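Residue numbers (our numbering): 1 to 220.
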């Protein structure tokens with residue numbers, strides 16, 4: 001039990017490191033949450049700070065999921081420890097204690113965890129995500145399709161008792177991570193889903209708030 005507690009705490013504290021926020025402070029002396037969508041994730045960093053900072057945030061946020069979960073396996077060889085650490089890493093990213101619990105939406109960190117659990121799955125989801133972004137130009141659509149699809153694949157592999165190189169038999173507990181990650185990502189994208197359904201979701205590079213434009217006051 002103590003291993004699960006430690007995994008949860010470590011996963012949360014690592015996941016809570018707000019790289020997008022840190023880059024905003026270092027590069028522009030700003031809080032990226034005061035601009036664009038108000039999130040600290042890579043998509044908002046792209047709007048506010050540009051493509052180089054976007055790529056840096058994307059990589060660093062992914063590593064928050066990948067490195068701890070991979071280390072958890074090498075240290076414990078316990079799939080449940082991996083799953084707990086992965087879920088808590090996303091919770092930390094979404095609700096970071098260091099900056100008042102206002103963070104990102106967990107997509108890059110979820111991809112990092114997928115990479116640690118089953119790298120071929122993460123590679124396939126990345127390829128699909130790139131296709132969705134290039135074809136439809138909606139980052140939000142990519143997010144709400146790929147992360148839940150990963151959960152479906154993990155569940156199917158677990159139920160089929162499939163064996164994968166480097167993993168062996170895919171444990172059904174991996175699907176628990178996928179389902180939890182999907183729930184967190186979808187909850188954080190409720191507004192985007194509504195705009196996609198109504199046809200008002202801005203595409204990449206058009207229709208959104210201009211770079212460095214402050215978020216409108218919503219009264220909250």
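Ideal Cβ placement from N, Cα and C applies to all residues, glycine included.
Predicted, not measured: the structure shown is a model, and the values here were computed from it.
Residue 103 sits away from residue 68, with the two beta carbons spaced by 9 Å or more.
Its chain contains 169 as the residues whose beta carbon lies nearer than 7 Å to that of residue 163, once the 5 sequence neighbours on both sides are disregarded; these appear in chain order. By the Cβ-count criterion, residue 165 is exposed, with fewer than 16 other Cβ atoms from all chains shown falling within 10 Å of its own Cβ. Note that the C-beta distance between residue 109 and residue 128 is not below 9 Å. Straight-line measurement puts the Cα of residue 43 at about 7 Å from the Cα of residue 139. Leaving aside the five residues that flank residue 178 on each side, the residues in its chain whose CB is nearer than 6 Å to its CB run, in chain order, 150, 151 and 154.
For residue 55, the enclosing alpha helix (DSSP H) covers residues 51–76.
For the options 52, 3 and 91, the alpha carbon positioned closest to that of residue 187 is the one of 91. By the beta-carbon neighbour count (other beta carbons within 10 angstroms, threshold 16), residue 53 is buried.
DSSP, reduced to helix, strand and coil, places residue 199 outside both helices and strands of the structure shown, so it counts as coil.
Note that the stretch 118–134 does not touch the stretch 69–85; fewer than 3 beta-carbon pairs, one per stretch, sit closer than 8 Å. For residue 24 against residue 4, the beta-carbon gap comes to about 34 Å, at or over 8 Å, which does not count as contact.
Per DSSP, residue 125 is one residue of the alpha helix (DSSP H) stretching across 119–136. Of the candidates 13, 75 and 174, the residue whose Cα lies closest to the Cα of residue 88 is 13. For residue 142, the enclosing alpha helix (DSSP H) begins and ends at 139–159. Cβ-Cβ distances below 6 Å link residue 195 to 201 in the same chain, with the five nearest sequence neighbours on each side left out; the list follows chain order. DSSP, reduced to helix, strand and coil, places residue 172 outside both helices and strands of the structure shown, so it counts as coil.
DSSP places residue 105 outside any alpha helix (DSSP H), giving it a letter other than H or E. Only residues of its own chain outside the window of five on either side were considered, and among them 42 and 108 have a CB closer than 6 Å to the CB of residue 58, listed in chain order. Cβ-Cβ distances below 7 Å link residue 203 to 137 and 138 in the same chain, with the five nearest sequence neighbours on each side left out; the list follows chain order. Residue 184 and residue 20 have their alpha carbons spaced roughly 19 Å apart. A straight line joining the alpha-carbon of residue 175 with that of residue 119 spans about 15 Å.
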